[in-house]
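Report on one structure; see the data block that follows.
In our numbering, the protein residues as written are 3 to 779.
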């Protein structure tokens with residue numbers, strides 16, 4: 003004997019058969035399959051629920067016609083979903099829509115002729131009409147404009163308004179005119195989809211259809227308003243409490259949305275698109291299923307535990323978003339807490355103390371809100387689930403089947419975003435894995451820094467080929483591969499490098515270039531500096547702290563042992579730097595307090611690179627001196643890259659006062675950072691400035707005994723480098739003495755200051771040993 007449920011199974015099978023037919027004839031991708039099957043499950047489930055409540059044993063004749071229409075509309079929805087990624091099969095789409103519209107005139111007739119008219123059937127018929135109109139409107143947006151969605155969304159806006167105004171949920175008298183108006187909407191939208199009429203005529207038809215729709219809904223609303231006093235006392239009492247109930251419903255909706263976001267939102271801003279939220283989180287289904295089967299108290303405990311865990315994971319997810327944008331990697335729960343202080347310091351230097359404090363307070367408030375609101379939202383959702391066990395059970399079962407099916411066939415809404423989502427579990431696993439890997443990696447790192455054969459090299463064998471030379475290692479802040487290749491600003495930087503190569507060659511210098519892979523990205527420059535000097539891979543604050551507490555042999559120590567005066571020029575420092583003497587063993591350290599600068603600051607950059615270089619020449623190179631080795635950390639190309647200085651004649655630099663008017667001549671960060679393209683343009687200009695300052699310095703103050711190694715510390719942040727960029731930074735060695743350049747001829751580096759895409763790439767940790775081998779005995 004047939005039942006409502008068996009009839010619904012037949013309807014769902016018909017939907018599957020239609021989708022299979024479309025896949026074979028016109029093609030159907032993953033979004034189409036997902037949307038089509040979701041329509042089939044929803045329509046059949048709603049019909050079954052309504053008929054069972056109405057006491058029906060099986061589908062009535064009119065219901066069968068309406069179910070066929072719903073199946074056709076599901077096919078239209080599937081094709082529309084696919085149309086966002088490939089050209090749509092218009093013929094099939096229009097044919098299905100026309101058949102659905104034609105059958106709209108049949109189901110009511112059949113129901114009346116067979117004496118099986120019912121409120122459930124009429125409601126189902128009405129909802130199928132509304133959904134077809136919505137689907138067609140979504141497709142027609144690209145042809146007509148966003149305003150056409152007013153037609154598709156009218157029914158759903160009316161239903162939503164009923165949540166706020168209970169009197170809108172009361173039944174209104176049947177009017178055949180409403181059926182006519184719905185048919186007009188469907189016909190007009192189908193005509194637009196078919197694109198068979200002049201565009202101006204279709205716009206006119208849609209405007210007329212929208213006017214009819216407004217009149218129809220307006221008359222219904224007016225009737226319901228006028229008859230409010232005729233409601234029963236219970237209805238009036240319900241109306242008086244609509245604010246409270248509406249607030250409760252709105253809170254429930256917001257709770258569901260927050261939980262949904264916490265479960266399915268990606269941990270990268272670049273992947274934060276609407277499509278990623280059209281997924282089914284398996285964690286949510288599992289928790290709801292457990293709440294349904296567990297006794298009340300264990301279920302409450304489960305919801306609290308899950309809520310707290312999900313809140314913490316959401317905080318980690320937001321941290322990941324920030325770290326991916328700034329450093330192109332996820333947050334590391336083991337080693338990244340040490341960056342909080344330096345990050346606040348950079349923020350203060352870039353946007354000012356007041357704005358930085360406001361940002362920190364806002365961030366703390368967001369974290370606190372998440373930690374509190376996510377557990378409360380989970381608790382509210384689970385209470386709703388327990389309070390509607392039958393509906394919740396059907397929901398969990400239906401979406402569980404859909405999740406399993408999507409997982410088996412690998413359906414994705416976007417690359418890397420499967421319908422069958424398990425993002426919270428993956429994130430939790432990754433966090434645990436990072437902790438485990440971090441602990442294991444730290445043990446290996448400890449062994450590496452303690453085993454250093456180079457440290458016992460006699461002074462006579464160190465750097466013998468550079469005796470008598472002044473050697474400068476100049477770090478150009480944020481100078482990455484993106485500056486010289488495949489970006490809108492790289493042609494400008496390349497022109498500066500090529501011009502610098504030519505002018506230095508005319509002055510008797512040679513240059514060779516390559517790339518070093520940095521252990522950091524977008525910031526945390528000290529990791530790159532320590533990796534470069536120590537010959538070990540320092541990719542976290544934890545490793546850095548352990549390294550600078552050790553006796554690892556550095557380049558500066560090697561030069562000092564070999565007889566050089568060693569200098570650290572750190573113009574961004576405004577306080578004592580103990581590691582400069584305890585670890586790097588510099589004889590002299592210059593910083594903001596000792597460089598004698600009297601000019602303006604440029605956001606983070608307290609002074610221009612031109613001043614830094616000239617002041618180094620004045621204090622260390624101008625007078626007779628022993629050979630000097632220096633690390634100079636330039637700052638003009640540090641984020642936020644605004645405002646920027648420009649070059650002045652060297653003899654006019656003085657104490658830096660000459661730069662006084664320049665900040666006001668440029669744009670402040672608040673203006674530049676409104677546009678990503680402007681940020682990238684300013685970044686390119688900052689690199690051009692720093693490289694120009696270096697090449698001009700060599701031409702003006704260089705001699706046969708000066709060797710310059712200029713390199714980038716890391717790539718700029720994701721807003722400039724793009725998602726998934728490499729960690730490569732250019733490096734160039736410049737010298738006038740042919741004997742120096744001959745020592746590096748075996749490295750395979752390319753001639754000139756601009757490395758091509760085929761230039762050698764070394765890990766930054768490899769430089770120390772190769773440099774000492776090349777210039778030692």
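Every residue, glycine too, gets a C-beta built ideally from N, C-alpha and C.
If you're wondering where the values come from, they're calculated on a predicted model, not measured in any experiment.
In whole angstroms, what separates the C-alpha of residue i from that of residue j?
i	j	result
residue 732	residue 760	12 Å
residue 524	residue 758	22 Å
residue 87	residue 686	35 Å
residue 773	residue 610	29 Å
residue 422	residue 256	23 Å
residue 707	residue 540	32 Å
residue 114	residue 124	11 Å
residue 492	residue 485	5 Å
residue 425	residue 34	23 Å
residue 581	residue 696	27 Å
residue 250	residue 228	27 Å
residue 420	residue 285	14 Å
residue 721	residue 700	32 Å
residue 78	residue 320	38 Å
residue 497	residue 753	15 Å
residue 693	residue 453	37 Å
residue 235	residue 224	With a pLDDT of 47 at residue 235, under the threshold of 50, the modelled position of that residue is not reliable, and no figure is offered here.
residue 275	residue 315	20 Å
residue 411	residue 723	35 Å
residue 433	residue 318	9 Å
residue 790	residue 92	Since the first and last residues shown for the chain are 3 and 779, residue 790 lies out of range.
residue 747	residue 712	17 Å
Roughly how far, in whole angstroms, is the beta-carbon of residue i from the beta-carbon of residue j, given that I think they are within contact range, below 8 Å?
i	j	result
residue 71	residue 105	5 Å
residue 191	residue 142	6 Å
residue 629	residue 566	5 Å
residue 710	residue 560	With a Cβ gap of about 18 Å, residue 710 and residue 560 do not count as contacting.
residue 261	residue 313	The pair is not a contact, with the Cβ atoms about 10 Å apart (cut-off 8 Å).
residue 145	residue 194	6 Å
residue 522	residue 530	6 Å
residue 322	residue 335	That belief does not hold up - the Cβ atoms of residue 322 and residue 335 are roughly 11 Å apart, past 8 Å.
residue 741	residue 467	7 Å
Does the beta-carbon of residue i have 16 or more other beta-carbons within 10 angstroms, so that it is buried, or is it exposed?
i	result
residue 390	exposed
residue 460	exposed
residue 188	buried
residue 84	buried
residue 780	With the chain covering only 3 through 779, there is no way to say anything about residue 780.
residue 399	exposed
residue 577	exposed
residue 472	buried
residue 704	buried
residue 586	buried
residue 173	exposed
residue 654	exposed
residue 3	Residue confidence for residue 3 is low, a pLDDT of 42 falling below 50, so the modelled location carries little weight and cannot support an answer.
Cutting at 7 Å between CB atoms, please list the residues of its own chain near residue i, excluding the five before and the five after it.
i	result
residue 463	778, 779
residue 658	599, 600, 601, 609, 613
residue 401	282, 287
residue 219	156, 160
residue 186	211, 214
residue 662	601, 602
residue 555	454, 456, 457
residue 640	479, 480, 606, 607
Might you give, ordered along the chain, the residues of its own chain that have their beta carbon closer than 8 Å to the beta carbon of residue i, omitting 5 neighbours on each side?
i	result
residue 387	290, 293, 294, 394
residue 505	697, 701
Ordered along the chain, which non-local residues of its own chain (more than five positions away) have a Cβ less than 6 Å from that of residue i?
i	result
residue 196	96
residue 714	478, 481, 482, 731, 732
residue 509	701
residue 301	293
| field | Cβ contact (3+ pairs, closer than 8 Å) linking the segment 764 to 779 and the segment 544 to 551 | value | No: the two stretches stay apart, fewer than three of their Cβ pairs being nearer than 8 Å.
| Quick one: any contact between the segment 89 to 102 and the segment 130 to 150, if contact means 3 or more CB pairs under 8 Å? | Three or more pairs of CB atoms, one per stretch, sit closer than 8 Å, so the segment 89 to 102 contacts the segment 130 to 150.
| said: Would the segment 110 to 121 count as touching the segment 61 to 71 if we require 3 or more Cβ pairs under 8 Å? | reply: Taking 8 Å as the limit for Cβ pairs, the verdict is that the segment 61 to 71 does touch the segment 110 to 121.
| said: With a threshold of 8 Å, are at least 3 pairs of Cβ atoms found where one atom belongs to the segment 638 to 651 and the other to the segment 659 to 668? | reply: yes
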